[in-house]
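Protein chains in written order, with the numbering used here: chain A, 19 to 253; chain E, 355 to 764.
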């Protein structure tokens, strides 16, 4: 059940989730810069990293169908698998109508609650005005708290004026450094190892540590004892 | 291996005519469908249990007893009986009665159901769903195996010296399938008791339920009921058949797209490719079903839904006919040819009687004379095992008259 990840020579798997829809997309550009800086930091620390990018726009219809049908078809399932295999995540969305994009939220809505337990995440948002600057911290941060991830302390927000400012690069560097230090510490992996049973899980789910056989299942619970002919505490 | 059909008892608008059948018409229709299934040689007919529109089947044992009286050999079952909101005492009685009237041509499948508000309608709390299912079955299991039951649990009043009547036919309890698509505790309970496990193999990607089926097999062996391949597995399914493949898609499409459940999701072609929904010619449905065996291993029961989504009765009957005459006969041969010699057979009343009694005559309980108040003695039947003990409750009035005595002192 415990799966060693990112150890020794194995590369850190960085996954970008990008909800930008234009080509080129400002959101994707921001995500790429964050990913690039993170890889630089990881490499500078003597580790290797591999990057996967999940662009949600081409999957928009499939994601909407998965929401309605209750399960994803193969294309969407394969990106969920990619995300589940991440050691670290860059989550990037445009701001529409004062909030994260519906496409981004719909994608998160179809992943298992335990897909990203204790994994570090850089939160990133772009908007047409600086008035939306708090969307990453006020909307994305609670969402990734619900998913029991570790959003790094620095979120990245970029309005049009930020693209001409060296301070955006400074914030990206800070977030990438935070992500890298967290990854190097192994804290996320240790937390998932030690506390995995305590989270809510779905049998046969998509998380890399999901229960898939009897060896993964905790039989030391009230319900499992009841299932094997036992009784619950009365009262 | 057993092949059959099940219905969720939906009353759905026919998307072509725009007409919604009345409850009366659908109830008449389901009886005709079940009778046709018997006539064409299918092994099983199962009906769901619901307590809200647009469904009609709130009382499965009433319906199944009626069908039993008009059929010859088909096994009648449920898909599912709600083990959460029904009192297990009433389940024990109702299904034992059905077992007698159908001469053993029945079994039942237990499930939690999928309608959230049903819990308060029957005085239960949905948050207790899994625990209710597990505890209620623990009691049901006892009620069918012990003449006199003392029991205490969390969810219902304790039982003292209770006898569920009638005793099961030939004193062999109905076979029980536990239906679940996501809950390892339910699969664990099926394995613990050596009962059947049924995965409703629809509404999800192909082989989505394999981890849970394998978990059940592993635990079945763990509890010493046999090898993993001797575990008793059933699969649900959905089929639409026509002589020619393209006709199947053309004729089924309006019903699929008009369905409140399916129509707003994937296209029919994608849905039948990526999920176990089997649409096509008899040969295509046969080939598809054989892939279930390849994926899940040898299994004992395959049921299909054929009558949902507002299909008119004539079309549903035609589906039953095609299934029974062109699909299942071939599947019987093909499945048998591929079957591992170690795989379990499908349970029937006859096989359970044979397993319990060998060549001896089955037990036929005859009650001892008593006042009929269920308080009269520890041995309700002529032949009740002498080792059976019970502690009937003290009636309050008696306790007051005789003082505080223990059962042992009486």
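The C-beta atom is built at its ideal place from N, Cα and C for all residues, glycine as well. Keep in mind it's a predicted model, so treat the numbers as computed, not measured.
Residue span of the beta strand (DSSP E) that contains residue 239 (chain A), given as start and end = Residue mapping note: residue 239 (chain A) aligns to position 221 of the first chain, counting from 1. Looking at the DSSP string, residue 239 (chain A) is not in any beta strand (DSSP E), and its letter there is neither H nor E.
Is DSSP giving residue 592 (chain E) helix, strand or coil here?
-> Here residue 592 (chain E) refers to the residue found at position 238 of the second chain. Here residue 592 (chain E) sits in strand by DSSP.
Boundaries of the beta strand (DSSP E) in which residue 612 (chain E) is found, first to last residue | Taking the first residue of the second chain as position 1, residue 612 (chain E) is located at position 258. Taken as a continuous stretch (DSSP letters only), residue 612 (chain E) belongs to no beta strand (DSSP E), being part of the alpha helix (DSSP H) at 599-612.
If you draw a straight line from the alpha carbon of residue 624 (chain E) to that of residue 566 (chain E), how long is it in whole angstroms?
-> As a working mapping, residue 624 (chain E) is identified with position 270 in the second chain. As a working mapping, residue 566 (chain E) is identified with position 212 in the second chain. Roughly 25 Å separates the two Cα atoms.
Rounded separation between residue 700 (chain E) and residue 411 (chain E) - CA only | If you number the second chain from 1, residue 700 (chain E) lands on position 346. If you number the second chain from 1, residue 411 (chain E) lands on position 57. Near 26 Å, if we compare the C-alpha coordinates of residue 411 (chain E) and residue 700 (chain E).
If the cut is a Cβ gap below 7 Å, which residues of chain A does residue 484 (chain E) touch?
-> Here residue 484 (chain E) corresponds to residue number 130 of the second chain, with the count starting at 1. Chain A residues near residue 484 (chain E): 241.
List the residues of chain E that residue 220 (chain A) touches, going by C-beta distances under 9 Å, in chain order.
-> Residue 220 (chain A) sits at position 202 when you count from the first residue of the first chain. What residue 220 (chain A) touches in chain E: 536.
Starting from residue 619 (chain E), find everything on chain A with Cβ-Cβ shorter than 7 Å and list it in chain order.
-> Residue mapping note: residue 619 (chain E) aligns to position 265 of the second chain, counting from 1. In chain order: 83, 86, 87.
Meets three-Cβ-pair contact criterion under 8 Å: the segment 430-437 of chain E and the segment 394-407 of chain E | yes
Tell me the start and end of each unbroken alpha helix (DSSP H) in the segment 412-497 of chain E that is at least 4 residues and wholly inside, in chain order.
-> 414-422, 442-455, 472-475, 483-497
N-terminal and C-terminal residue of the beta strand (DSSP E) that residue 533 (chain E) is part of | Reading the second chain from its first residue, position 179 is the one you call residue 533 (chain E). Taken as a continuous stretch (DSSP letters only), the beta strand (DSSP E) holding residue 533 (chain E) covers 530-533.
Chain-ordered neighbours of residue 573 (chain E) on chain A, where CB pairs are closer than 8 Å = If you number the second chain from 1, residue 573 (chain E) lands on position 219. Correct list: 232.
Any idea what DSSP makes of residue 178 (chain A), helix, strand or coil?
-> Counting from one through the first chain, the residue named residue 178 (chain A) turns up at place 160. Three-state DSSP puts residue 178 (chain A) in a helix.
Quick one: give me the first and last residue of the beta strand (DSSP E) that residue 144 (chain A) is part of.
-> Along the first chain, one-based indexing puts residue 144 (chain A) at 126. Where residue 144 (chain A) is concerned, the enclosing beta strand (DSSP E) stretches over 138-144.
Should residue 569 (chain E) be flagged as near chain A, meaning a C-beta pair shorter than 7 Å?
-> Mapped onto the second chain, residue 569 (chain E) falls at position 215. Yes, residue 569 (chain E) counts as interfacial toward chain A.
For residue 735 (chain E): DSSP bridge partner residues = As a working mapping, residue 735 (chain E) is identified with position 381 in the second chain. Note: residue 735 (chain E) sits in a beta bridge opposite E:721.
Among the residues of its own chain, which have a CB less than 7 Å from the CB of residue 488 (chain E), if the five just before and after it don't count?
-> The residue given as residue 488 (chain E) occupies position 134 in the second chain. If we look at residue 488 (chain E) and ignore the five residues flanking it on each side, its Cβ neighbours are 539, 543.
Spatial distance of residue 40 (chain A) from residue 119 (chain A) (CA atoms) | Sequence index remark: in the first chain, residue 40 (chain A) carries index 22 (1-based). Sequence index remark: in the first chain, residue 119 (chain A) carries index 101 (1-based). Those two C-alpha atoms are separated by around 13 Å.
Are the beta-carbon atoms of residue 467 (chain E) and residue 561 (chain E) separated by less than 7 Å?
-> Residue mapping note: residue 467 (chain E) aligns to position 113 of the second chain, counting from 1. Residue mapping note: residue 561 (chain E) aligns to position 207 of the second chain, counting from 1. For residue 467 (chain E) and residue 561 (chain E), no; Cβs fall outside 7 Å.
Grouping DSSP H, G and I as helix and E and B as strand, with all else coil, what is residue 201 (chain A)?
-> Position 183 of the first chain, counting from 1, holds the residue named residue 201 (chain A). Here residue 201 (chain A) sits in helix by DSSP.
For residue 218 (chain A), does the count of other Cβ atoms within 10 angstroms reach 16, so buried, or fall short, so exposed?
-> For the purposes of this step, residue 218 (chain A) is taken as residue 200 along the first chain, with counting starting at 1. Residue 218 (chain A) should be labelled exposed.
Reduced DSSP category for residue 71 (chain A) - H, G, I as helix; E, B as strand; rest coil | Start at 1 with the first residue of the first chain, and residue 71 (chain A) comes out as number 53. Three-state result, residue 71 (chain A): strand.
Grab me the residues of residue 751 (chain E)'s own chain with a C-beta within less than 7 Å of its C-beta, minus the 5 sequence neighbours each way, in chain order.
-> Here residue 751 (chain E) corresponds to residue number 397 of the second chain, with the count starting at 1. Below a pLDDT of 50, predicted positions are generally treated as unreliable, and residue 751 (chain E), at 42, falls in that range; no measurement from the model is reported.
Expressed to the nearest angstrom, what Euclidean distance is found between the alpha-carbon atoms of residue 385 (chain E) and residue 446 (chain E)?
-> Walking along the second chain from the start, residue 385 (chain E) turns up at place 31. Walking along the second chain from the start, residue 446 (chain E) turns up at place 92. About 24 Å.
Kindly identify the DSSP beta-bridge partner or partners of residue 356 (chain E).
-> Locating residue 356 (chain E) in the second chain gives position 2, counting from the first residue. E:655.
Can you round the beta-carbon distance between residue 72 (chain A) and residue 101 (chain A) to whole angstroms, since I take them to be within the 8 Å contact cut?
-> Position 54 of the first chain holds residue 72 (chain A). Position 83 of the first chain holds residue 101 (chain A). Indeed they touch by this definition, with Cβ atoms about 6 Å apart.
Short-range partners of chain A found in the segment 541-552 of chain E, where Cβ spacing is below 7 Å | 542, 543, 546
Whose C-beta lies closer than 7 Å to the C-beta of residue 29 (chain A) among residues of the same chain, with five residues either side of it excluded?
-> As a position in the first chain, residue 29 (chain A) is number 11, starting the count at 1. Cβ within range, chain order: 66, 67, 68.
Neighbour list for residue 225 (chain A) in chain B, Cβ cutoff strictly below 9 Å = Of the protein chains in this structure, namely A and E, none is chain B.
CB contact check: residue 623 (chain E) to chain A, cutoff 7 Å | The count along the second chain starts at 1 and reaches residue 623 (chain E) at position 269. With 7 Å as the cut-off, residue 623 (chain E) does not count as an interface residue toward chain A.
Would you be able to state if there are at least three C-beta pairs under 8 Å between the segment 568-578 of chain E and the segment 368-376 of chain E?
-> no
Nearest to residue 519 (chain E) (by Cα), restricted to the options E:397, E:453, E:535 = Looking up residue 519 (chain E) in the second chain gives position 165. With distances taken between Cα atoms, residue 519 (chain E) lies closest to E:453.
Beta-carbon separation (whole angstroms), residue 497 (chain E) vs residue 442 (chain E), contact threshold 8 Å = Reading the second chain from its first residue, position 143 is the one you call residue 497 (chain E). Reading the second chain from its first residue, position 88 is the one you call residue 442 (chain E). Right, their Cβ atoms sit about 7 Å apart.
CB-CB under 7 Å to residue 172 (chain A), same chain, minus the five flanking residues each way: which ones, in chain order?
-> Here residue 172 (chain A) corresponds to residue number 154 of the first chain, with the count starting at 1. Cβ within range, chain order: 189, 192, 193, 196.
Straight-line CA distance for residue 618 (chain E) to residue 82 (chain A)?
-> Residue numbering aside, residue 618 (chain E) sits at position 264 when the second chain is read from its first letter. Residue numbering aside, residue 82 (chain A) sits at position 64 when the first chain is read from its first letter. In a straight line, the C-alpha of residue 618 (chain E) is about 10 Å away from that of residue 82 (chain A).
Give the interface partners of residue 488 (chain E) over in chain A, defined as CB-CB distance under 7 Å, in chain order.
-> Position 134 of the second chain, counting from 1, holds the residue named residue 488 (chain E). Residues of chain A passing the Cβ test: 241, 244, 245.
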